[in-house]
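Novice: Following our numbering, the numbering of the sequence shown begins with 1095 at its first residue and continues without gaps.
For every residue, glycine included, the Cβ atom is placed at its ideal position computed from N, Cα and C.
Keep in mind it's a predicted model, so treat the numbers as computed, not measured.
The structure's right below; bear with me while I get my questions together.
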Amino acid sequence: MFDPKDSKTIGYHLFFLPQGELFDSLQSTINTLAEKYSGVKFEPHLTLLARIPKAEEAELVAKTQQLAATMQPFEVEPKEILIEDAYFRALYCKAEPNAKMEEYHQKALEMFGVQDVNAYMPHLSLYYGNVPQSIKEKMIASLSLPASMKFLVDKVYLYRTEGEAQDWMQIGGYPLGK
């Protein structure tokens, strides 16, 4: 069973990444919070699919490319700031409801033969860690986020996510609709 307080994950994940200035701004926020509150640094991302079981990497790349070809670019907007008593959802921005994200998540589940452990809730994490709520409230008070975090999703990225977040490795980025 998946322990929400565990700092390790398994297998592979599919992510959407913001680009340009938004990526840089969010990366700076993530790094600052990690340094100040003994967290880990990771790239800003929205998860399309989590915990894809280990398999031949070439097979996972081919499936990711196949999935990307069936998808069209769309916009996503992380907005509401929330906290949870969970390592990977300690502090995050919940994405606005988005029919495309839901549709593509369902396609990814089917293509990779994965079942959801939790209800799918697209979000962009700002901090990973197990810290008290009072600390998370201090983090929120210190945040300086861009006025809009809406971004165009035009690629899906495959990451090897075995172990801790600092060990994650990008395998590749695949353009949507190609």
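Using the beta-carbon count (16 or more within 10 Å), is Met1195 buried or exposed?
Specialist: Locating residue 1195 in the sequence shown gives position 101, where the first residue counts as 1. Burial call: buried.
Novice: Should Pro1269 go down as buried or exposed, given a rule of 16 or more other Cβ atoms within 10 Å for buried?
Specialist: Here the question's residue 1269 lines up with position 175 in the sequence shown. Result: exposed.
Novice: Please report the straight-line C-alpha distance between Ala1259 and Thr1126, rounded to a whole angstrom.
Specialist: In the sequence shown, the residue the question calls residue 1259 occupies position 165. In the sequence shown, the residue the question calls residue 1126 occupies position 32. For Ala1259 and Thr1126, the distance between alpha carbons rounds to 16 Å.
Novice: Would you report the Cα separation of Ala1162 and Lys1272, rounded to the nearest angstrom?
Specialist: Taking the first residue of the sequence shown as 1, we reach residue 1162 at position 68. Taking the first residue of the sequence shown as 1, we reach residue 1272 at position 178. Near 7 Å, if we compare the C-alpha coordinates of Lys1272 and Ala1162.
Novice: For Phe1110 and Gln1264, I'd like the C-alpha separation in whole angstroms.
Specialist: Taking the first residue of the sequence shown as position 1, residue 1110 is located at position 16. Taking the first residue of the sequence shown as position 1, residue 1264 is located at position 170. Taking the straight line joining both Cα atoms gives about 12 Å.
Novice: Grouping DSSP H, G and I as helix and E and B as strand, with all else coil, what is His1217?
Specialist: Reading the sequence shown from its first residue, position 123 is the one you call residue 1217. If DSSP states are grouped into helix, strand and coil, His1217 belongs with the strands.
Novice: Ends of the beta strand (DSSP E) at Ile1177?
Specialist: Counted from its first residue, the sequence shown places residue 1177 at position 83. That run of the beta strand (DSSP E) goes 1172-1177.
Novice: Report the CB separation of Leu1116 from Pro1240 in whole angstroms; it is logged as a contact under 8 Å.
Specialist: Here the question's residue 1116 lines up with position 22 in the sequence shown. Here the question's residue 1240 lines up with position 146 in the sequence shown. The pair is a contact, with the Cβ atoms about 6 Å apart (cut-off 8 Å).
Novice: Rounded to whole angstroms, what is the Cα-Cα separation between Tyr1049 and Leu1142?
Specialist: The shown model of the chain, from 1095 to 1272, leaves out residue 1049, and the question about it has no answer.
Novice: For the alpha helix (DSSP H) holding Ala1128, just list the boundary residues, first then last.
Specialist: The sequence position of residue 1128 within the sequence shown is 34, counting from 1. Counting along the chain, the alpha helix (DSSP H) containing Ala1128 begins and ends at 1114-1130.
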